[in-house]
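Colleague:
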Amino acid sequence: MMFVDFLRNVEVFKLLNDQELEMISGLCVEKEFLQGEKLFEEGGSADHFWIMKQGQVDLRFDLPGRVSSEETTLLSLTGNKVFGWSSMVPPYIYKLPAYCATPRCKVLQIKKDRLLKLFQDYPRIGYQVMADLIEIVGNRFDLMQESALNAMP
């Protein structure tokens with residue numbers, strides 16, 4: 256399929272075989288965003304799982320009553336990284352907003368319901384992806400904790 260070669264290098268799909276990658280590829284839709292565009296909002300329904308293809312996406316902590324800016328970026332993501340993990344766990348609500356941070360961003364978008372159905376039908380795929388995703392979320396949490404500690408006086 257169209258995205259199999261790319262998916263082979265995505266952090267949560269590295270241990271899947273070609274047949275499994277083809278199943279994932281069939282769920283992917285490529286989207287493009289321009290700098291400053293919001294991919295999704297904090298508190299919004301987490302209906303999609305996202306994969307960075309090109310450019311950079313920033314996950315930010317938007318402050319009430321203020322315009323979003325790079326200063327509130329908690330995490331920047333580039334090629335082959337996944338985000339929108341809130342689509343994989345209840346209550347299926349995005350925890351942070353995501354913004355395109357480069358002139359153009361290309362991402363792959365997968366509908367949550369289709370991906371979760373694939374996991375149900377093929378438990379090996381679901382187990383492998385979720386195990387890798389838990390590790391990624393843990394690593395990102397550690398990075399944000401470290402960042403917060405470094406910002407303290």
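Here the sequence shown is numbered in our numbering, starting from 256 and rising by one per residue. Here a beta-carbon is modelled for each residue, glycine too, at the ideal position from N, C-alpha and C.
Tell me the DSSP secondary structure of A353 in three-state form.
Modeller: Correct three-state label for A353: strand.
Colleague: So is P352 buried or exposed if we call it buried at 16+ other beta carbons inside 10 Å?
Modeller: Buried is the call here.
Colleague: Using beta-carbon positions only, say whether F288 and I365 come within less than 8 Å of one another.
Modeller: Result no, Cβ atoms of F288 and I365 do not sit closer than 8 Å.
Colleague: Which residues in the same chain as Q309 place their Cβ atom closer than 6 Å to its Cβ, once the five residues preceding and following it in sequence are excluded?
Modeller: Taken in chain order, the residues that qualify are K361.
Colleague: L330: which of F396, R263, D260, V259 sits nearest, CA to CA?
Modeller: Per the Cα distances, F396.
Colleague: Leaving out five residues on either side along the sequence, give the residues of the same chain with a beta carbon under 8 Å from the beta carbon of K367.
Modeller: Same-chain partners within the cutoff: A301, D302, H303, F304, S342, M343, Y347.
Colleague: Of the choices D273, I306, N272, Y349, whose alpha-carbon is the least far from that of F316?
Modeller: Checking every option, the nearest Cα to that of F316 belongs to Y349.
Colleague: Run the CB neighbour count on G339, radius 10 Å, all protein chains shown included, and call it buried at 16 or more, exposed below.
Modeller: Classification for G339: buried.
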